[in-house]
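Asker:
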Amino acid sequence: MKLEKFYSLVNIIIILMLVIMPRVAESRISSSTKHLDRYLNLKFREKKLKPSPQTQDEVFLRRVYLDLTGKIPTTDEILAFKNEGKNKRTQKISELLNSDAYLDYWSGVWTNWLIGQEQNNQTDVQEGLQTWVRAQFANNTPYDEFVSRLITATGDTRQNGASYYIRRYNASPVDLTAHISRLFLGLPMHCVQCHDHKTEAWYQEDYYNMAAFLTNVKSKGIYQNDVNGNRRIVGYDIVDEHEGSISIPGESKNSQPILLDGTKYNGPQKKKREVLAKWITDKKNPYFSQAIVNRVWTQLMGKGFVEPLDGFGEENPPSHPKLLNWLAEDFRIHGYDMNYLMKTILNTDAYQRSSQTNKNNKNDEDFYSHAYLKPLTAKQFFNSMLQATGFERQQKRRNRGRLESMKRDYMRRFLYLLDNGEMEEIEAFNGTVPQALMMINGPLVNDSADHDERGSYLSYILKKKRTVADRVSEIYLTVLSRRPTTKEIRYFDRYIQKSLYRNKNLAYEDLYWSLLNSAEFSLNH
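To convert, count from 1 in the sequence shown and add 4; that's our numbering.
#1: Taking its Cβ as the centre, do 16 or more other Cβ atoms sit within 10 Å of Tyr-505, making it buried, or is it exposed?
#2: Compute the Euclidean distance between the alpha carbons of Leu-46 and Ala-182, then round it to the nearest angstrom.
#3: What is the residue span of the beta strand (DSSP E) that Tyr-106 lies within?
#4: Report the rounded CA-to-CA distance for Gln-121 versus Arg-498, giving the unit in angstroms.
#5: Enumerate in chain order the residues of its own chain whose CB-to-CB distance from Ile-76 is below 7 Å, with the five nearest sequence positions on each side excluded.
#6: Quick one: grab the DSSP three-state call for Gln-58.
#7: Considering only the beta carbon of each residue, do Lys-276 and Glu-245 sit closer than 8 Å?
#8: Leu-72 and Leu-53 - do their beta-carbons sit closer together than 8 Å?
#9: May I have the straight-line CA-CA distance separating Thr-482 from Thr-79, to the nearest angstrom?
#10: For Ser-35, which option in Leu-345, Phe-395, Leu-519, Asn-143 has the closest C-alpha, if you only look at C-alpha atoms?
#11: Take Lys-282 as the anchor and find which of Leu-350, Leu-154, Gln-60 has the nearest alpha-carbon.
#12: Can you find the residues in the same chain that come closer than 7 Å, C-beta to C-beta, to Ala-216, ignoring five residues on each side of it along the sequence?
#13: Going by the beta-carbon positions, is the gap between Thr-59 and Ser-358 smaller than 8 Å?
#14: Just to check my reading of the structure: Leu-133 and Tyr-168 have Cβ atoms closer than 8 Å, yes? What is that Cβ distance to the nearest angstrom?
#15: Along the chain, where does the alpha helix (DSSP H) containing Arg-235 start, and where does it finish?
#16: Could you please give me the residues that DSSP links to Leu-280 through a beta bridge?
#17: Under the three-state reduction of DSSP, which class applies to Arg-470: helix, strand or coil?
#18: For Ser-111, which residues of its own chain have a beta-carbon under 7 Å away from its beta-carbon, when the five flanking residues on both sides are left out?
#19: Determine the extent of the alpha helix (DSSP H) in which Ser-252 is found, giving its start and end residues.
#20: For Ile-226, which three-state DSSP category applies?
#21: Using beta carbons (cut-off 8 Å, strictly below), is Val-129 in contact with chain C?
#22: Please go through the segment 341-381 and give each complete alpha helix (DSSP H) segment of 4 or more residues, from N-terminal end onward.
#23: Please list the terminal residues of the continuous alpha helix (DSSP H) segment that includes Tyr-212.
#24: Per DSSP, which one or two residues make a beta bridge with Leu-527?
#25: Would Leu-380 and Ser-526 qualify as a contact pair, given that the criterion is a beta-carbon distance under 8 Å?
#26: Output the boundary residues of the alpha helix (DSSP H) element that contains His-183.
#27: Alpha carbon to alpha carbon, what distance is there between Tyr-43 and Asp-210?
#28: If you draw a straight line from the alpha carbon of Glu-149 to that of Tyr-355, how long is it in whole angstroms?
#29: Please report how far the alpha carbon of Pro-272 lies from the alpha carbon of Thr-156, in whole angstroms.
#30: Tell me whether Val-151 sits in a helix, a strand or coil according to DSSP, three-state version.
#31: What three-state label does DSSP hand Gly-132 in the structure shown?
#32: What residues in its chain sit with their C-beta under 6 Å from that of Leu-280, if we drop five residues either side in the sequence?
#33: Roughly how many angstroms lie between the CA atoms of Gly-315 and Gly-190, to the nearest whole one?
#34: How should Ser-518 be labelled, buried or exposed, when 16 other C-beta atoms within 10 angstroms of its C-beta is the threshold for buried?
#35: What do you reckon, are the CB atoms on Gly-306 and Pro-192 nearer than 8 Å?
#36: Which residues share a DSSP beta bridge with Ile-337?
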């Protein structure tokens, strides 16, 4: 009996811990969020700025879906959110951060940051690294460990996806140094690859001394014979060899492995990458935490503390150094937890403000008194277009089993039309002419905006709704994630009455098409 009581008491304690612990974590996040808002509120008073109010629920939902899942919400998700309780925004943020859609989108964002867009004949590199990144996000791997695993990655790329990062740069010490310093430290070290920096305290010698930590890594092809007996590469083996050297172009003297803080390394050659990774991710290295905090802040808020993202330096100080330092330290104290950082920012008044300005703050470009308009990235635009057109619903009826491959094919064509020569880090969708032509004439949009097309969203809406107001409302909700204003409904009502179409349903096609091509659709506001 005593033993049963003991186990019963243990169970009660465990249950209490499970109930209390999430609340403690949520409280810490709330405290950090409030601190961030307090800082900005003090700036408003100091600068005599009147901040914009909190944005409407529909706008918030669209914004957070775009930022966390890379696409607009469905009409069902919009309507469900409307009926949720008091803390629905905080709950929605947590829900999305725990969703597969978040893992899919942000693993893609990070893969783009790490290796750029898909290169010719490197589909395996893109997909292999993204699969690995997704697994790290699913486990909420601390950011310092995440970076360390990338820099020190070894082995068969098919077994260790992190090795694809090294493979992407062909294990080149020069290219890896440029990318590592830019992404993980926010430093424009690529400038000193060819010459000393004109304004910063970085020299060409510093660059090649850092590159000397990466001279041992090699990328070796793994070959197998196919069914026809032809020898082909099936993967790559990333290894650390005993020897490797590099020197400044035009000089005969080999560069020595010396960290940017002046620390010289004299240990085993095979341990050089580990030493570099440890120094980069060290809690005493201010650039490490600040660079990622600035990058995530920029991604979510539309404007960074330091711009460009790899522009940290004495000649380019942060717009809010105290806030950046505090946020970076808070991130470090909480174990480099990326979900924690995201929640801290997303729950702020600053993130949830309206983009509509007032007379007082219309010229504010530095203090976040209103939300800054963000053009959709190419992938956000593409994925939102698929969502708004009901592409998945339509193609599931026609091509079962081929949906994902079709989406990838469309995405490749879509990005190709952006005409970005390097196909790296494509950001804003700028509405290029060929892309607009694809939208106007392409089957992706035409099929969805065809009232006669079986399975199309428009056909579904016209059958589901009977009145002009209900139909217009559903189309606006589907495409722009909001209800139309009374003025917009009246305008379309007049348009449909005055149109020369014999089949008035064609007027709804015009509305659907015009909303898809509107500036409002292509902006995160």
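Where is the CB? At the ideal position from N, CA and C, for every residue including glycine.
Answerer: Concretely, from the data shown:
#1: Exposed, by the Cβ-count rule.
#2: Their backbone Cα atoms lie some 38 Å apart in a straight line.
#3: Following the DSSP letters along the chain, one finds Tyr-106 in no beta strand (DSSP E) but inside the alpha helix (DSSP H) bounded by residues 104-119.
#4: When only Cα atoms are considered, Gln-121 and Arg-498 end up about 46 Å apart.
#5: So the qualifying residues of the chain are Arg-66, Tyr-69, Leu-70, Ser-388, Gln-391, Ala-392, Ser-485.
#6: Residue state, collapsed to three classes: strand.
#7: Against a cut-off of 8 Å, the Cβ pair of Glu-245 and Lys-276 comes out as no contact.
#8: No. Outside cutoff.
#9: A direct Cα-to-Cα measurement between Thr-482 and Thr-79 gives close to 6 Å.
#10: Ranking the options by Cα distance to Ser-35, first place goes to Leu-345.
#11: It is Leu-154 whose Cα lies nearest to the Cα of Lys-282.
#12: Cβ neighbours of Ala-216 beyond the five flanking positions: Ile-250, Ser-259, Gln-260, Pro-261.
#13: The answer is yes: Cβ separation under 8 Å.
#14: Confirmed, Cβ separation roughly 4 Å.
#15: Taken as a continuous stretch (DSSP letters only), Arg-235 belongs to no alpha helix (DSSP H), being part of the beta strand (DSSP E) at 235-244.
#16: According to DSSP, Leu-280 bridges with nothing at all.
#17: Reduced to three states, the DSSP call for Arg-470 is coil.
#18: For Ser-111, where only same-chain residues beyond five positions count, the Cβ hits under 7 Å are Gln-134, Val-137, Arg-138, Phe-141.
#19: For the record, residue 252 in the displayed sequence is Ile; it is not Ser. Where Ile-252 is concerned, there is no enclosing alpha helix (DSSP H), because DSSP gives it neither an H nor an E.
#20: DSSP places Ile-226 in strand when its eight states are reduced to three.
#21: Here chain C cannot be found, since the structure has a single protein chain.
#22: For secondary structure counted as the alpha helix (DSSP H) over 4 or more consecutive residues, the segment 341-381 holds these complete runs in sequence order: 342-350.
#23: From DSSP, the alpha helix (DSSP H) with Tyr-212 extends over 208-215.
#24: In the DSSP output, where bridge partners are listed per residue, Leu-527 has Pro-379.
#25: With contacts defined as CB atoms closer than 8 Å, Leu-380 and Ser-526 qualify as a contacting pair.
#26: His-183: member of the alpha helix (DSSP H) spanning 177-189, first to last residue.
#27: Their Cα atoms are separated by approximately 37 Å.
#28: Roughly 28 Å separates the two Cα atoms.
#29: A straight line joining the alpha-carbon of Pro-272 with that of Thr-156 spans about 15 Å.
#30: If DSSP states are grouped into helix, strand and coil, Val-151 belongs with the helices.
#31: Gly-132 sits in a helix when the DSSP states are folded into three classes.
#32: The residues are Phe-217.
#33: Their Cα atoms are separated by approximately 6 Å.
#34: Exposed, because fewer than 16 other Cβ atoms sit within 10 Å of the Cβ of Ser-518.
#35: No, the pair does not count as a contact, with Cβ atoms beyond the cut-off.
#36: None, per the DSSP bridge assignment.
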